[in-house]
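Following: one structure in structure tokens, then a few remarks.
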Amino acid sequence: MATVERVVLRGERRVVLSGISWELYEQLRENEANWHVHMAYDNGRLELMSPSQDHEAIKSLIARLIEAFTEEMGIPLRSLGSTTWKRPELAKGLEPDECYYLLNHHRIRGLRQIDLEVDPPPDLAIETEVSRSVVKRLRIYAALGVPEIWRWRKKGLTAYSLGADGKYVAREFSLNLPMLRVKDLEPFLDFELSADETAWIRKFRAWVRERFLAS
């Protein structure tokens with residue numbers, strides 16, 4: 040029998056359902072009425088989350104920084120946003136806030152549909168935690184084999200890489216962008232500084248050029 044737990048934190052609504060079959064999860068996920076709802080499924084437990092304005096603002100800023108950085112550095116990138124990633128045989132699925140192929144970009148080049156049974160998972164996923172997830176999302180990412188997570192929590196950005204033991208470990212430099220110390224992005228993740236995003240991204244690009252490309 041399904042049970043329901045409701046949580047409202049910092050403008051975000053989370054509903055956690057227990058005893059949900061994989062078939063019902065897929066039906067809910069594929070229902071067009073739920074397109075705006077973020078879902079995380081872990082072995083019968085399903086979390087539904089409606090993101091707040093702060094959540095969407097921060098994840099968009101992080102995404103723009105990644106995209107601007109790779110453009111300036113000439114690094115191949117494929118962005119797949121908040122695509123649903125799932126593995127029925129593991130009874131796990133979720134949508135990241137943003138996700139990217141970087142080191143494995145060459146392996147999925149030209150693919151319109153990516154199948155996790157034969158293709159690699161995204162190299163990097165972005166997690167924005169304005170409110171704490173009830174379902175353990177990192178455990179889902181680990182089962183899916185996502186090598187790197189960047190997680191924003193309490194005004195701090197931390198990179199994690201997946202270890203051989205199946206657990207994520209915090210790291211100073213990005214696994215996929217090894218020249219980049221992830222904490223160096225934090226000053227740019229400021230609502231006041233980014234009020235004019237056009238001027239803000241120009242400042243960031245200038246920083247990248249001075250820091251990494253100046254001869």
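First residue of the sequence shown: 40, per the numbering used here; consecutive thereafter.
Using N, Cα and C, we set each Cβ at its ideal position, and we do this for glycine too.
C-beta contact flag for residue i and residue j at 8 Å
i	j	result
HIS75	VAL169	no
GLY184	PRO160	yes
SER118	ASP136	no
ILE147	LYS98	no
PHE230	ALA72	no
MET78	LEU133	yes
LEU219	PHE212	yes
GLU65	VAL174	no
Neighbourhood of residue i by C-beta, 8 Å cutoff - its chain only, sequence neighbours within 5 removed
i	result
ALA209	THR197, ALA198 and TYR199
ALA107	ILE240, PHE243, ARG244 and VAL247
HIS145	PRO115
THR109	PRO115, LEU116, LEU141 and LEU216
Length of the line joining the Cα atoms of residue i and residue j
i	j	result
PRO127	VAL54	22 Å
ALA238	PHE227	12 Å
GLU236	PHE251	22 Å
ASP21	ALA203	Residue 21 lies beyond the range of the chain shown here (40 to 254); nothing can be said about it.
ASN70	GLU249	47 Å
ILE105	THR123	20 Å
ARG192	GLU51	14 Å
GLY205	LEU67	29 Å
SER17	LEU224	The first residue shown for the chain is 40 and the last is 254, placing residue 17 beyond what the model contains.
GLU62	ARG84	13 Å
Close-in-space but distant-in-sequence residues of the same chain around residue i (CB under 7 Å, 5 per side omitted)
i	result
ASP162	TYR139, TYR140, LEU141, LEU142, ASN143, PRO186, GLU187 and ASN215
LEU177	ILE188 and TYR207
LYS194	none
GLN152	none
Per DSSP, cross-strand counterpart(s) of residue i
i	result
ILE188	ALA164 and TYR199
LEU85	LEU56 and TYR80
ALA118	It is Ser, not Ala, that sits at residue 118 in the sequence shown. Looking at the DSSP assignment, SER118 forms a beta bridge with TYR139.
TRP124	LEU133
Member of the options whose CA lies at the smallest distance from the CA of residue i
i	options	result
GLY58	GLU71, TRP124, TYR80 and GLU51	TYR80
ALA253	MET112, LEU100, ILE153 and ALA234	MET112
VAL221	GLN152, ARG190 and ARG68	ARG190
SER233	LEU100, ARG68 and GLY149	LEU100
Same chain, Cβ closer than 6 Å to residue i, neighbours up to 5 away in sequence not counted
i	result
LYS131	ASP81, ILE179 and ALA182
LYS125	GLY132
ALA102	GLU137
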